[in-house]
Every structure is written in C-alpha cells, then in structure tokens.
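Peer 1: Take this structure, written in structure tokens, and hold onto it; I'll ask about it next.
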Amino acid sequence: MAKLHFRYAAMNAGKSIALLQVGHNYESLGKQMLIVKPAVDSKGGDKVVSRLGVERAVDFLWVDGDPLPVAEAGLDVILVDEAQFLSERQANELLDVAVRVGVTVIAYGLRTDFRGDSFPGAARLLCIAHEIEEIRTLCRCGSKATMNLRKVSGVPVFDGEQVAIDDGSVEYESVCAACHQRERLTAGASWD
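Here it is, written out as structure tokens:
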C-alpha cells in the first residue's frame, strides 16, 4: 500500500537536499516520479534549491485549487518540497493520491514558523500522514534545533508576516527552544 510520508525539520536541516537525493535514487532505478512544490514558494522559482547549491527543476508548480497531474501512467512517487506552504486542501489531496491512486508521496517541510506557530500545510500533514519523520539539525548551542529564528538585518524578530523568503535582509537560524526563548526575552517579545 502506498503511503503519505511527512519529513519535517527546522531550517538548514537538509530537507531539500534529502528530497533531491531520494529523487536521484528513484530515477537511478528507472522509477517514474513527480517533483512538486507549492507555487506560493517564490524562492528558486520553478526549482528545488538546496543550501548546498544543488538544484533541480520541479515537474509541477502547484497552485492551490489545481489538481495534481497524477494520471500519468506508471507514476511511482511524488516528492513535495516546501510542504509547509501547502493549503489544507492540498495536503488532503496528497493523502487521497496515496490511498486512492496508490502513489507514494513524500513531503518535506518545516513544522513551525519563526514565531513557533504551525503552517496550515504542515499542521494538516502532521495529522494525516501515515509516516512522520523528523530530520534533525543542531542549534548554535549544540542542542537539537526545533525552531526557526527570523533575523532582519541581523536582528531577531518575532512578529510579522508568516512567510518571508530569506534573501538579502531576511535570514533564518535553526535554534533550540531555549535559545529561541532567550532571544525572545532579550527582544522583549511575548508569546501573544
């Protein structure tokens, strides 16, 4: 039976490079795959881009409301990058594809945003995925990083839009809950 897998992590844990490696493995075995990312993710345009510099064109930029093109004969796997940006409807469609169509789906994404709040796509995947796997990375203090710290011009921020793609002035750091809380308290920010 095909399953829906959700592999989540904090930023910089290697989610995109893991997706690219899994895709390479499927291709080297002659398997048919579809690499997808939500159209709302503007980073990299129509490519999956890893922080190590490896990139690959996606097969489908998924606009919410459009169906996945799963009618292709012999599709073995769907790989989804930046799954946190999916809508709940899109996450539900991934489950439907795994269960009803019989295609394995492996989605990679963040669990939470820089405030510690869930993304709609990630929250839904955590509820419905058959298999959930954490990809681990380290905080600056050496503990397991579970949160994402947003910095604007080098200064930690705790409010703002949920989605801000890292570019020149916006960057992210993977941190543990203790370091995130320390930065929050130093900035005088509350959880409200």
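Note that the sequence shown covers residues 1 to 192 in the working numbering. Beta carbons are placed, not taken as given, at the ideal position from N, Cα and C, and that holds for glycine. This structure is a prediction, so every number in the text was calculated from the model and none was measured.
Is DSSP giving Lys15 helix, strand or coil here?
Peer 2: Lys15 falls in the helix class under three-state DSSP.
Peer 1: Could you tell me whether the Cβ atoms of Glu82 and Arg124 are closer together than 9 Å?
Peer 2: No, they are not a contact pair.
Peer 1: Check whether the Cβ atoms of Lys3 and Ala98 sit closer than 9 Å, and answer yes or no.
Peer 2: Cβ atoms of Lys3 and Ala98: closer than 9 Å.
Peer 1: Mapping the DSSP letters down to three states, classify Gly23 as helix, strand or coil.
Peer 2: Three-state DSSP puts Gly23 in a helix.
Peer 1: CB Val77 to CB Tyr26, shorter than 9 Å?
Peer 2: In this structure, Tyr26 lies closer than 9 Å to Val77 by Cβ.
Peer 1: Which ranges would you report for the beta strand (DSSP E) in the stretch 61-106 if only whole runs of at least 3 residues count?
Peer 2: DSSP runs (the beta strand (DSSP E)) wholly in the stretch 61-106: 75-80.
Peer 1: Taking buried to mean at least 16 other C-beta atoms within 10 Å of its own C-beta, is Ala57 buried or exposed?
Peer 2: Ala57 should be labelled exposed.
Peer 1: Taking only the alpha-carbon atoms, compute the straight-line gap between Ala145 and Val170 and give it to the nearest angstrom.
Peer 2: Roughly 19 Å between the two C-alpha positions.
Peer 1: With a threshold of 8 Å (Cβ to nearest heavy atom), would Val58 be considered close to the ligand ATP?
Peer 2: Of ligands this structure carries none, so the ligand ATP is not represented either.
Peer 1: Could you tell me the alpha carbon to alpha carbon distance between Cys179 and Leu149, rounded to whole angstroms?
Peer 2: Spanning the two alpha carbons is a distance of roughly 9 Å.
Peer 1: What distance in whole Å lies between the Cβ atoms of Ala91 and Leu61, which are believed to be in contact at a cut-off of 8 Å?
Peer 2: Between Ala91 and Leu61 the Cβ distance is about 17 Å, and since that is not below 8 Å, they are no contact.
Peer 1: Taking its Cβ as the centre, do 16 or more other Cβ atoms sit within 10 Å of Glu131, making it buried, or is it exposed?
Peer 2: By the neighbour-count rule (16 or more Cβ atoms within 10 Å), Glu131 is not buried but exposed.
Peer 1: Can the beta-carbon of Gly121 be found closer than 9 Å to that of Gly102?
Peer 2: Taking 9 Å as the Cβ cut-off, Gly121 and Gly102 do not qualify as a contacting pair.
Peer 1: Let's see if you can read the secondary structure: which residues bound the alpha helix (DSSP H) around Ala123?
Peer 2: Residues 120-128.
Peer 1: Flag this pair as yes or no: are the beta carbons of Ser174 and Ala18 separated by less than 9 Å?
Peer 2: No; because the gap between Cβ atoms is not below 9 Å, this pair is not in contact.
Peer 1: Going by C-alpha to C-alpha distance, which of Val163, Asp66, Met147, Lys37 sits closest to Asp59?
Peer 2: Selected option, being the one with the closest Cα: Lys37.
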